Each structure stands twice: as C-alpha cells, then as structure tokens.
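Worksheet: one structure, shown below.
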Amino acid sequence: MEEQRQYIRRISNHSYIIIQDTLINDYLQEIDIKRQLYQPVYSSSSFQETKRVAELSTLSNGLKVVSLSGGFTGPAVSLGLFVNTGSRFETQQTAGVNQLLKNMVFQSNASKIHLEVQREIEVMGSTAFAQASRDNLLISTQTLPTSSLQMLSIIGELTNPTLPYHEVRDTASFTNEESESLSHCSETSLFEDLHRAAYRGRTLGRPLVAPSCNLGNLSHEQVQSYANQIYSPSNMVLVGVGLAHKELVSEAEHITFGRQTSTGSSAANVQIPRSQAKYVGGDSLTYQTGSTSVALAFEGFAASASTKDLVASAVLQAILGSGSVQPLTAPGAGKTSRLFNLLEKSNGAVESAECFSFNYADSGLFGIYASAADATTDAATIVKQLVAELVAASRTSGQELERAKQLTKKHYFELCEQRSSALEFVGKQALYNTKVLTPEEFAAAVSQVTAEDVKRVASKILASRPTLAVRGNLDNVPTQDEISITLV
Amino acid sequence: MSFVKFLPETVVKRLQNSWLEYRKIGLYYADLYNETPVMKEALNRLPPQVLVERDRRKAIAFDCNVKKIYLPENLWSDLEKDKIYTDQVEGVMQQVEKEFEIRRQFRE
Chain R
1 MEEQRQYIRR ISNHSYIIIQ DTLINDYLQE IDIKRQLYQP VYSSSSFQET
51 KRVAELSTLS NGLKVVSLSG GFTGPAVSLG LFVNTGSRFE TQQTAGVNQL
101 LKNMVFQSNA SKIHLEVQRE IEVMGSTAFA QASRDNLLIS TQTLPTSSLQ
151 MLSIIGELTN PTLPYHEVRD TASFTNEESE SLSHCSETSL FEDLHRAAYR
201 GRTLGRPLVA PSCNLGNLSH EQVQSYANQI YSPSNMVLVG VGLAHKELVS
251 EAEHITFGRQ TSTGSSAANV QIPRSQAKYV GGDSLTYQTG STSVALAFEG
301 FAASASTKDL VASAVLQAIL GSGSVQPLTA PGAGKTSRLF NLLEKSNGAV
351 ESAECFSFNY ADSGLFGIYA SAADATTDAA TIVKQLVAEL VAASRTSGQE
401 LERAKQLTKK HYFELCEQRS SALEFVGKQA LYNTKVLTPE EFAAAVSQVT
451 AEDVKRVASK ILASRPTLAV RGNLDNVPTQ DEISITLV
Chain S
1 MSFVKFLPET VVKRLQNSWL EYRKIGLYYA DLYNETPVMK EALNRLPPQV
51 LVERDRRKAI AFDCNVKKIY LPENLWSDLE KDKIYTDQVE GVMQQVEKEF
101 EIRRQFRE
C-alpha cells in the first residue's frame, strides 16, 4: 500500500498518465494525497518575529557600521553604504558632480572593470542601485546570506573607483540626458524651487538635479579630486539589514574601504564646504501652462532634534495626510485626513494635496504640496486653503489624534518591513545622529504624543518664515507677509 | 629585428632616416595602425588633445601624399615623441583587448 501511495504521489504531477489496475480505494486515496499536497497551511508557522535590534559601532579606520537585525525582512540580506556627500556640499563650480558620481558607482574600480562589476553582482543573483540625495549618496544592495561576504567585498571595491577619462566623459553625457528628462517632471522642479527658495541657494538649496550648463565645465581632475575626498572611511556608514552585528563588524574589518590613490594636482583641488544649513524662507514663481502646483513649507525639525519633537511632527503629518481626486477605495489611504476633506470642500479647485516633511541633518522642511489640474485656479485660493488647514491641524484631539498616532506607528513599522527602506531608515539615523533607534522605540514615543505636543510642534513650525514655490498660474500669488498675517 | 641593437649608432641613425618613410611625412608609428574594432575603442579612450594632434598629422600626411612630396627635414617627426605616443596607444589597446577578451568569455 505504501509503495502504491508513493507511486501515485510521484506521478500525480503527470495528470495524463493513466494509472492501471487501481481500485476505487486507491483512486480516492490519490485525490486525498493531492489535496494534502496542495493545501496551504495557515496555522502555526514556525517563523516567529524576533525583536528588532539596531546597533551602531565604529571600526578602527573610522567607518561607522550599523545593523538592524530581527523582525520580518525576509531571508535575504540588504547591505548598503551611505556616503556623507550630496548636493549640499557642492559649490558653484562643482554643481552636478554628485549625480555624476552616482552614475559612476558601478563603473570601473581598482579591482574590476565596469563589465565585471555589474556581471558579478548579477551572477550572484543580487540587485544593487545607487541613489544621490541632498546630503547622502546611497549604494544599496540586496543579496542572499550565502553571498553576503562577497557582496561586502564588492561594496568595498565600489568605494575605490578609478574614474578614467573616457568613462567620466560618457557618464557626463548620460547624466546630461538624465537631468534633461528630470526637468520635464514638474514635481521635481517644484521641490527644487522650494529648496532653493527656502535655503537661499546655499547648502540644501543647491540643485539636486545636475544643471546641464555645468556638466560641461566639470573637468576630469575636479571629479577625481572630489571623489578622493568623499570616498574615505570616516565619511561613510556601512549598513546591514538581516545580519548579526558582530559578524558584520568582524568581516568589515578585513575589507579596505575608500580611495587609496590620491592622484590629482593641487590646482584642481576641490573645496568641499561643510557649512550649517540656514533656513531663510522665500518665494519662487515660475510660469507654466497646463497645471498649477503649489508647495508651501516652513522650517521643520532636523533629524538631530529630540525624538519627541520628531514623532510629534510625524503625527502632525499624519493628521494632515494626503488626498487626491482619483478614487481611493481602500481604507488606510487617507480618506479621513484633513487634506482629503479639503479637496471635497474646495469644489475642484485643488486636485491633489499631500503633506511632506523632510528631516535633514541640521534642518528640515514641513509643508503641503497641492496641485490643480488646470491653470484657471490661481495660487492665492490654494494657498489660503492650505494655510487654513495647517492652522487648524494644530488644534486636534480625541479620535483624530488617536488615528494619526496609529497611522504614524504603522508607517514606522512599515518602513522596516521592506529591506531597502529599513536600510535607509537605519542608515540615515546613523549618518545624522550617534544613536540609532528601532521602529519599536519610535512607536513607543508616538504613543506618548499628546494634543499639547502637536500644538507646540505646530506653533514652532508655523513661527518660521513661510516658503512658497508656485509653478503655473501666477495671477495672484500672495507674498510672505500676507501668508504670515493669515497664520496669526 | 633585435640585430638592430648590435649595429653602431651612425648606421642606426642612417637607417632611421631612410627606412622609416612615415617620419618623412610627419606621422608617428601608431598612426599607421589599421582601424580594427580594438583600435576604434582605443581611439575612443584617448584624451582629446592627443586626438586633435593625430588629426593634424593625418591632414598633413594626406596633403603630402596627394602632392607626392616629403616634408623638409626639420619637420620630420621626432623619435622620442613617437615612442611616447606609440607606447600610450599600445597601452590603451592592450587594456581594450583584455576587456574584449573578458566580454568574449562571458558570452561562452
């Protein structure tokens, strides 16, 4: 009977083979076995969620290593490197070098040519990408645990690129095309305008998208000199998600990070200014047909602010939420947020609105982005409504506050659910602060937020000078004083 | 061609001035290479100033070829500069050949 059962199981995949000499009994057993084979098992999985632990330590060469282990991130491992560079450290002469270096991350380095670099990553079955922001350059990889050591050594090699002349030239033309395509995205351009106005063109206000006019001015020596300075171990943070901290530290000790060659004449020595970002506030008006987009922002909290303030501003962001006229049927999409209700009240003047909150190392932006599909709505009506919402959001209590707190907690947990966003979550904390918190600790801080906290945080945010960026209909744009008056 | 290093220097100089006819129209040795895919990629990688000078030499040599004349002796190409340039091009070509070999191995 056992052999017959095994015989049936082996050939149950081949449904066209007719089993000879089977009795009805065996046939029924076959159906039973198939049902057992294909039935999903929901109960009692052996996979238990373990407690998330975030640890930060520094190696002997100055490299900071941070790891997040535990929790649900799947069986794969995510390794990443945050380099403390970005568009905020550019100057008038070096504008755009960060986007260029981001595109050159997977080009030739001292150990392998570009083809080998990319082929090796693919052969391991891993994925990798590079991302340039205003104050960090992220190299993020996802790989299986068996090849995590190889991936770590690859990351070490990526920090020592050779940057030969022909690759820099080809990447510069590619970066030029990238900038050109990004200039067509009005949301990107709007946020560029917003940052430029908020920080008066310095530090965080420098263009994130490489300006095409300067890409031709970047000489090969300047790029080499810039890369020499940023690719040093003390300037970087190594992040691991899904690895034990001790293992990561002990393996990273053996790997050389950073650029060893210090070539380049002193004539092309590029200065990297590391200055404090000062929020100033301002306007930016751009004429555009087709749609009107408005971004109204105030000075938010830096990532170095206290956790209490950070979570309170996150709760305020959840209160405002986001809204769009596109039908959203699923709950949790923000249907009960203030901005969603604003869309219904505004009778079609505003088509979508979203509350954003950026936390950089020493400054931040908190505001609302709204857009109207046609250019008949002028900016004044939109801004008036946004300001009203911002002021009203500070007076919140009861169930709305509870809802916002729960959503914020869910947001923090959700960030750490995915490996790549968990990498950024933990890595950015390590880049900005000396202490790294797990999402559980953030959630615990959220539970303690009261309506007074939200009010305090909102009044602090609204006390700064407003920054307004408008793209579209410029018929009636309010000045900063007019906005400040309506805020009081 | 290793017997050349055993010849006396005057003989070598006489041979260089008579046998190496490409010098008489201002070219360097590496300018004579045929345009293979490896050479094309190598030319892609040379710095622009080198390519500009190469184009100038090519134009002068073409002119001499059409008129069927040699340049005056003071305009003949310099052997030291020739060696530097040829070594540079050879280096780049070897690098390119290595990369093409890696690419071919990937395909198999």
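Those sequence lines, one after another, are chains R and S.
Under full-length UniProt numbering, the first residue of the first sequence carries the number 1, and numbering increases by one thereafter.
Under full-length UniProt numbering, the first residue of the second sequence carries the number 1, and numbering increases by one thereafter.
Think of the CB as a built atom: it goes at the ideal place given N, C-alpha and C, for glycine as much as any other residue.
Source: prediction; values computed, not measured.
According to DSSP, is residue i part of a helix, a strand, or is it coil?
{"i": "R:THR141", "result": "strand"}
{"i": "S:PHE100", "result": "helix"}
{"i": "R:PRO161", "result": "strand"}
{"i": "S:ILE69", "result": "coil"}
{"i": "R:GLN39", "result": "Caution is warranted here: a pLDDT of 48 is assigned to R:GLN39, below 50, making its placement in the model unreliable, and the coordinate value is therefore given only provisionally. The answer is coil: DSSP assigns R:GLN39 none of H, G, I, E or B."}
{"i": "R:CYS355", "result": "strand"}
{"i": "R:ASN235", "result": "helix"}
{"i": "R:ARG200", "result": "coil"}
{"i": "R:LYS64", "result": "strand"}
{"i": "R:TYR226", "result": "helix"}
{"i": "R:VAL294", "result": "strand"}
{"i": "S:LYS5", "result": "helix"}
{"i": "R:ARG52", "result": "coil"}
{"i": "R:THR127", "result": "strand"}
{"i": "R:LEU450", "result": "Note that residue 450 of chain R is Thr in the sequence shown, not Leu. Note: R:THR450 maps to coil in three-state DSSP."}
{"i": "R:GLY323", "result": "strand"}
{"i": "R:ASN176", "result": "helix"}
{"i": "R:SER337", "result": "coil"}
{"i": "R:SER153", "result": "helix"}
{"i": "R:ASN103", "result": "helix"}
{"i": "R:ASN109", "result": "strand"}
{"i": "R:ALA379", "result": "helix"}
{"i": "R:SER181", "result": "helix"}
Report the neighbours of residue i on chain R: residues whose CB is nearer than 8 angstroms to its CB, in chain order.
{"i": "S:ILE102", "result": "ILE113, LEU115, GLU116"}
{"i": "S:GLU99", "result": "ILE113, LEU115"}
Name the residue from the options whose alpha carbon lies nearest to the alpha carbon of residue i.
{"i": "R:SER140", "options": "R:GLN150, R:SER147, R:PHE129", "result": "R:PHE129"}
{"i": "R:ASN347", "options": "R:SER324, R:LEU152, R:LEU365, R:PHE358", "result": "R:SER324"}
{"i": "R:SER234", "options": "R:SER57, R:SER394, R:GLN418, R:VAL454", "result": "R:SER57"}
{"i": "R:GLY300", "options": "R:GLY156, R:LEU365, R:PHE257", "result": "R:LEU365"}
{"i": "residue 492 of chain R", "options": "R:VAL83, R:PRO466, R:ALA95", "result": "Residue 492 of chain R cannot be examined here, being either before or after the span of chain R that is shown, 1 to 488."}
{"i": "R:SER420", "options": "R:GLY242, R:VAL249, R:VAL350", "result": "R:GLY242"}
{"i": "R:ILE368", "options": "R:THR91, R:ASP453, R:LEU238, R:VAL470", "result": "R:VAL470"}
{"i": "R:ALA353", "options": "R:ASN359, R:ALA361, R:LEU158, R:LEU343", "result": "R:LEU343"}
{"i": "R:PHE106", "options": "R:VAL97, R:ALA95, R:GLY96, R:ARG119", "result": "R:ARG119"}
{"i": "S:TRP76", "options": "S:LEU46, S:ILE25, S:SER18, S:GLU108", "result": "S:ILE25"}
{"i": "R:CYS185", "options": "R:GLN288, R:MET151, R:ASP170, R:ALA422", "result": "R:GLN288"}
{"i": "S:TYR28", "options": "S:ARG56, S:THR86, S:GLU35", "result": "S:THR86"}
{"i": "R:LYS410", "options": "R:GLY86, R:ALA277, R:PHE442, R:ALA198", "result": "R:PHE442"}
{"i": "R:VAL446", "options": "R:VAL239, R:VAL315, R:ILE230, R:GLY86", "result": "R:VAL315"}
{"i": "R:ALA318", "options": "R:SER337, R:SER304, R:THR307", "result": "R:SER337"}
{"i": "R:GLU167", "options": "R:HIS220, R:GLU424, R:ILE255", "result": "R:HIS220"}
{"i": "residue 130 of chain S", "options": "R:GLU116, R:GLY398, R:LYS112, R:ALA110", "result": "The structure shown does not extend to residue 130 of chain S, since chain S is modelled only from 1 to 108, so the question has no answer here."}
{"i": "R:HIS195", "options": "R:PHE356, R:GLU414, R:VAL270, R:SER108", "result": "R:PHE356"}
{"i": "R:LYS384", "options": "R:THR396, R:HIS245, R:ALA370", "result": "R:ALA370"}
{"i": "R:TYR231", "options": "R:LYS246, R:LEU137, R:ALA172, R:GLU251", "result": "R:LEU137"}
{"i": "S:GLU101", "options": "S:GLN49, S:VAL11, S:PRO37", "result": "S:PRO37"}
{"i": "R:ASN433", "options": "R:ALA302, R:ALA110, R:THR256", "result": "R:ALA302"}
{"i": "R:ALA305", "options": "R:GLY62, R:ASP362, R:GLY281", "result": "R:ASP362"}
{"i": "R:ARG202", "options": "R:LEU158, R:VAL270, R:LEU339, R:GLN276", "result": "R:GLN276"}
{"i": "R:GLU351", "options": "R:LEU339, R:PHE358, R:LYS278, R:ALA198", "result": "R:LEU339"}
Please say whether residue j and residue i have beta carbons closer to each other than 8 angstroms?
{"i": "R:GLU389", "j": "R:LEU474", "result": "no"}
{"i": "R:VAL65", "j": "R:LEU59", "result": "yes"}
{"i": "R:LEU468", "j": "R:LEU296", "result": "yes"}
{"i": "R:PRO161", "j": "R:ALA227", "result": "yes"}
{"i": "S:ASP78", "j": "S:ARG57", "result": "no"}
{"i": "R:PRO164", "j": "R:VAL77", "result": "no"}
{"i": "R:SER212", "j": "R:SER179", "result": "yes"}
{"i": "R:ALA430", "j": "R:VAL436", "result": "yes"}
{"i": "R:LEU215", "j": "R:GLY96", "result": "yes"}
{"i": "R:SER464", "j": "R:PHE298", "result": "yes"}
{"i": "R:SER322", "j": "R:ALA373", "result": "no"}
{"i": "R:LEU100", "j": "R:VAL270", "result": "no"}
For residue i, which beta-bridge partners are listed by DSSP?
{"i": "R:LEU79", "result": "R:THR141, R:GLY240"}
{"i": "S:ASN44", "result": "Looking at the DSSP assignment, S:ASN44 forms no beta bridge with any residue, so it has no partner."}
{"i": "R:ILE368", "result": "R:LEU296, R:CYS355"}
{"i": "R:TYR287", "result": "R:GLY472"}
{"i": "R:THR467", "result": "R:ALA297"}
{"i": "R:THR479", "result": "The partner list for R:THR479 (beta bridge, DSSP) is empty, contrary to what the question assumes."}
Along chain S, which residues have their Cβ under 9 angstroms away from the Cβ of residue i?
{"i": "R:ARG119", "result": "ILE102, PHE106"}
Taking Cβ-Cβ distances shorter than 8 angstroms, what residues in chain S pair up with residue i?
{"i": "R:TYR165", "result": "ARG45, PRO47"}
Please compile the residues from chain R whose C-beta is within a distance smaller than 9 angstroms of the C-beta of residue i.
{"i": "S:GLU80", "result": "In chain order: nothing, as chain R lies at least about 24 angstroms away."}
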